[in-house]
Amino acid sequence: MIPRRLQLPALVVAIVAIGACSHPSQSAPDSGVASAVTGTVGYQQRVSLPANAVVELSVVDAAAADSTSRVLATATVSAAGRQLPLPFSVPFDASRVRKQHLYTLRADIRSGSEMLFTTDIARAVITQGNPTNVDLLLTRVDPEASTASNELPGTSWVLQDLAGDGIVAGTHVTLDFSANGRATGNGSCNRYFATVEISGSSIRFGAVGATRMACATPVSLQEVRYFGALEAASEFTVEGNTLSISSGSGRPLRFVRAAP
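Numbering (this note's numbering), first residue to last: 61 to 320.
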């Protein structure tokens, strides 16, 4: 039997041990974050927006492993004749936020099916010291460059360089553009698909969906990076048989045209 004078310390030790076992792992949700990304959207040009213009915003988890969890939240704000900058709020479920993941915010201004303005770069938000309140300065989509958007539908490409790091030996990463606004291909390990919107030299991929085949770690990591780069993309250029796709900062994805 434990002497009465030792019972309390023993109980304290037991409680501390239980508490230590209950600590969440580093992949657990970050319950201390805010529940919305807020800020304003504007642009430098002195032009008015059409009456039907809307701002489309999305917060994307760049580290998510599957398409269902990659989009954290979306929101649409109607311009409705208001002057810029336009305030916005993108509510999200804080229980889904992971401390070690990187979250980015994208915005487009559209009038019907036409993209008028877009973000040059995906802004980091929420985690890793990044803010939940940001002011976005969008770039005008060049209407004179509309012929560029006609270069991609019906073409196929093979990835040669992933943001300056080449590609894993033995992998074959492809990107095929259909005529109905879809992109498909091989991501390194799995077949993938996504919606794609092209306007002038601007490009925007929707959340990437893929099959679930397991591959070696370097191949799987390359695939995750590739999918994240597609979802962050905002612009492209075609020079002969070379296609470059980028987010407006950092090194682009570089493809060569696939043989017929």
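All C-beta atoms, glycine included, are put in the ideal place defined by N, C-alpha and C. Nothing here was measured: the structure is a model prediction, and the numbers come from that model.
Please state whether the Cβ-Cβ distance between residue i and residue j is less than 9 Å.
i           : j           : result
residue 289 : residue 196 : no
residue 169 : residue 218 : no
residue 264 : residue 294 : yes
residue 199 : residue 183 : no
residue 298 : residue 220 : no
residue 275 : residue 238 : no
residue 114 : residue 194 : no
residue 270 : residue 253 : yes
For the ligand HEM, is there a heavy atom less than 8 Å away from the beta-carbon of residue i?
i           : result
residue 301 : The ligand HEM is not among the ligands present in this structure, which contains no ligands whatsoever.
Could you give the residue range of the beta strand (DSSP E) that holds residue i?
i           : result
residue 147 : 146 to 151
residue 225 : Counting along the chain, residue 225 falls outside any beta strand (DSSP E), and DSSP gives it neither H nor E.
residue 238 : It is not in any beta strand (DSSP E) - residue 238 carries neither H nor E in the DSSP assignment.
residue 255 : 251 to 259
residue 273 : That residue, residue 273, is in no beta strand (DSSP E); it is neither H nor E in DSSP.
residue 116 : 114 to 121
residue 135 : 131 to 138
residue 101 : 96 to 103
residue 211 : Run containing residue 211: none; DSSP gives neither H nor E here.
residue 171 : 163 to 171
residue 264 : 262 to 265
Tell me the DSSP bridge mates of residue i?
i           : result
residue 305 : 296 and 313
residue 186 : The partner list for residue 186 (beta bridge, DSSP) is empty, contrary to what the question assumes.
residue 233 : Its beta-bridge partners do not exist; DSSP assigns none.
residue 196 : 101
residue 218 : 234 and 316
Below 8 Å, how does it come out for the stretch 165 to 179 and the stretch 259 to 278: are there three or more Cβ pairs, yes or no?
Judged by Cβ distances under 8 Å, the stretch 165 to 179 makes contact with the stretch 259 to 278, as three or more pairs qualify.
Taking one C-beta from the stretch 264 to 283 and one from the stretch 97 to 114 each time, how about it: are there three or more such pairs within less than 8 Å?
No: fewer than three Cβ pairs fall under 8 Å.
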